[in-house]
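In what follows, a single structure is set out as structure tokens and then discussed.
Protein chains in written order, with the numbering used here: chain R, 16 to 321; chain U, 406 to 1079.
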């Protein structure tokens, strides 16, 4: 039995290494041609030898950051409510609903984002851009709030939309992790806080959150890992551009995984090598994020005890 | 092979086989299930728990016995599997040593990949042959570039592409595959410019564009709808000052390739300048032909993958100002208008089946049978076809056929592919027009029928051209094209100039809002007291004036009547929006008789928008309630069981632990305290 589990553990590591090696070997051809420009070039035209992942990687990170910025408060609030406030009668129901959300396939979220959310998000994006346009990332240069005829089409297929769709997928996962950790906050300490006269919210702030800090950060990081790699939902909602677009509300963004999904089928051997190299970078980034999450969870009180 | 003589053997033969398989599987399942059940019973029995605590050895026993039984079950499965495998190998089709011109024995399922441009036609043909003959064909709409790639990599049995491999002046390295192949035209069609434009709350359906304006729109030179050059094409429209959102394909696409060939050839300077703007290298001194549309950073272009992707983007209600190039059928399916494009004769024409057929009379087809590009098209003279009916952006779509047994392609697959080819070259062409395409002319059908004879394993029942009812067949003139001959000439209002037709285009048949009354040309049916509509904004008063035109009285009568109807309703109901005014128009007093004709016209075009085999939707209220019910049921099924299962035991346990004053001993994750 012991050997079996050792074997399984080694197997997992071996598969991880094999995936990394496979990507590195297949991507080597493209990286050799592109050289150092591979990380700084924004265009993606492998046929003319001018290609890099600067824009694509930027888009990936931007979408993931937006997703986490939305999903983190959502997940934290939901987890707190379910573990601390919800009546015992509906708690399992809520847990079920959240788990169900995590089980919805991402293509469904993508279609939902494409056909429903996009149209309904336009007024929101327009409002943000009108009132907070002085913040650089909320500015949309092709949108003039003074123009009565301005159309909201400049807000379609934006990084904001993609980020929101991904947030819907990330929030349940982060929420589950946080809820588990909150539930483990020691009863003694909780009761101690209450005995000292803390209100319920005071108890949560002084006992549950400090205890669950590892879970909160870890959940967010796990969600970030998923957001970085999300493929089909992003593929469906974005309009791919190969330029670093700081205006998160305006049309056009990109992500590594959707680039691969879009082009792998029609790629020549060399283009495929470029896509593998892009995949390798994403693999490295995702792994770093997940390792970071693991370390943070390990070092926290709740993580060490679990 | 006629419809009647085609044997439908696969299902008939397959059913008893499938049933025996099922029975065998069921027997195995019950065997395995029994073993499992007996293994589980002791551990799920509460009485067994103390046993486990007392002695692990004894608790292990049921598990070991289970393993033994599992082993027996597994051996049985393995034995049956080996037998099945052996049977499969022996009876397998083909074998190793087969003669060169063997014919497939059964219609094996085949897989195709490629163009989304012609996908609406292909999918309809696939549905038809499935319903009639039970030939299983699956086609993935992945874009022409992927279609050519999938064929080259042997992942698809046939590819569909608008352009051949290795075209000249291309930006892409698209080499011919090692696999032996042949091209065959499947259908003709027009690359339409579908748009979403609203003036004063009413959808514009009669936009006209010249080639140069199209080129400038899709190269980011013209960026707003109120540009003077668009205005020059559309004297009757009060174009709004909103940005143009050109929607292009993000995947490698044959439609993009066709448009870029046209741009390269007809608007070289504009296209070259665009290459500089997006940083594409020149090919042979000019901007190259490409399947991947380049987009300039920050230009406001939107890219979507697939014809469905671009068409559904444009068809969204919020995408006002968007325009895309896509096959005409997509505009019909989404009930959206297409722009009429200016041809060399100075008329604006719509990509209807007959206009496409007229334009393609000038297509030059490669007639060199020894060339790898045999039957491919050269459209340079189509772009400049001087017939007033011609639609300049017309083209043929091609299937790429395997001509040798290679990779996973077998004779049985060849049989399906050849029969499918014979079907769509013959019967399939009859509904090309209803689907939004244009049928192949007789000479290409004949050439195509010769090509499908080259498919290995095929035994196509090639019908004589007379039996096909091809709409282009002219019995009196075998080399002529009946569809092109009978194509109606355009109305006078379609000629470049100050008059503009108000009749809708594409899938949108409603009347378009016009800015001012057209100058009347008192001739023919022009006296139908029509006027420009008053739908701009809150119902500006309609300025009179006949919207007359010489020539075909039917079309003019219809548009005149509709205009009159609009005017009537505008009086009674100012500010009403498009949909309802149309309804009122049909009932409005003295226009009723002519409006009836217009309605018939509409009905015809609406029928074209929905091919027959698509089932009609249920009545909306019941359907919605039913779907809501199903949704709620599924939600309940997913959420309620754990709730109901957990509620009882958990409460008991909590009470117990509270009574004992100790931590709960269970290891249920939700209640674990550490």
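Just so you know, even glycine gets a beta-carbon here, dropped at the ideal spot from N, CA and C.
- One Cα belongs to residue 118/R, the other to residue 837/U, and the distance between them is close to 42 Å.
- Residue 616/U and residue 177/R have their alpha carbons spaced roughly 35 Å apart.
- In this chain, the alpha helix (DSSP H) harbouring residue 718/U covers 711 to 719.
- For residue 514/U, there is no enclosing alpha helix (DSSP H), as DSSP gives it neither H nor E.
- Distance from residue 160/R to residue 145/R at the Cβ level is roughly 4 Å; contact confirmed, criterion being Cβ atoms closer than 8 Å.
- For residue 846/U, the nearest beta carbon of chain R is not closer than 8 Å to its own beta carbon.
- Annotated as distal: residue 601/U and residue 736/U, with beta-carbon spacing of 8 Å or more.
- Setting aside the 5 residues that flank it on each side, residue 656/U is surrounded in the same chain by 548 and 710, each with a C-beta closer than 6 Å to its C-beta; the list follows chain order.
- For residue 158/R, the CB contacts under 7 Å within the same chain, skipping 5 residues up- and downstream, are 144, 165 and 169 in chain order.
- Take the alpha-carbon of residue 581/U and the one of residue 811/U: they are about 15 Å apart.
- Under the 10 Å beta carbon count, residue 147/R is surrounded by fewer than 16 other beta carbons and is classified as exposed.
- Only buried fits residue 553/U, as 16 or more other CB atoms lie within 10 angstroms of its CB.
- For residue 157/R, no beta strand (DSSP E) encloses it, and the DSSP letter there is neither H nor E.
- Contact between residue 283/R and residue 693/U does not hold, since their C-beta atoms are separated by about 16 Å, which reaches or exceeds 8 Å.
- Contact annotation for residue 577/U against chain R: 62 and 283 [CB-CB distance below 9 Å, chain order].
- Residue state for residue 116/R is assigned as helix, using DSSP reduced to three classes.
- The secondary-structure analysis by DSSP pairs residue 587/U across a beta bridge with 806/U.
- In terms of Cβ geometry, residue 867/U and residue 854/U form a close pair [threshold 8 Å].
- Residues of chain U with a Cβ closer than 7 Å to the Cβ of residue 58/R are, in chain order, 684.
- The C-beta of residue 181/R comes no closer than 8 Å to any C-beta of chain U.
- The beta carbon of residue 151/R sits closer than 7 Å to the beta carbons of 261 from its chain, once the five residues preceding and following it are set aside; these are given in chain order.
- With a beta-carbon spacing of about 36 Å, residue 24/R and residue 49/R fall beyond the 8 Å limit used to define contacts.
- In this structure, the straight-line span from the alpha carbon of residue 686/U to that of residue 60/R is close to 10 Å.
- The three-state reading of DSSP puts residue 668/U in helix, counting H, G and I together.
- Taking a cut-off of 8 Å for Cβ pairs, the stretch 192 to 211 of chain R and the stretch 755 to 770 of chain U do not touch, as fewer than three such pairs fall below it.
- Under DSSP, residue 268/R forms a beta bridge with 255/R.
- Residue 252/R places its beta carbon less than 8 Å from that of residue 129/R.
- The way I'd put it, the stretch 239 to 249 of chain R doesn't touch the stretch 211 to 218 of chain R; fewer than three beta-carbon pairs between them come closer than 8 Å.
- With respect to the 8 Å criterion, residue 786/U and residue 760/U are not classified as neighbours on the basis of their beta carbons.
- DSSP, read as helix, strand or coil, puts residue 48/R in helix.
- Per DSSP, residue 88/R is one residue of the alpha helix (DSSP H) stretching across 69 to 95.
- Burial state of residue 845/U is buried, judged by a 10 Å Cβ sphere holding 16 or more other Cβ atoms.
- Shortest Cα-Cα distance from residue 267/R to any of 288/R, 181/R and 155/R involves 155/R.
- Within chain R, no residue has its CB atom less than 8 Å from the CB of residue 1025/U, the nearest being about 18 Å off.
- Residue 41/R and residue 279/R have their C-alpha atoms spaced approximately 13 Å apart.
- Annotated three-state conformation of residue 532/U is helix, per DSSP.
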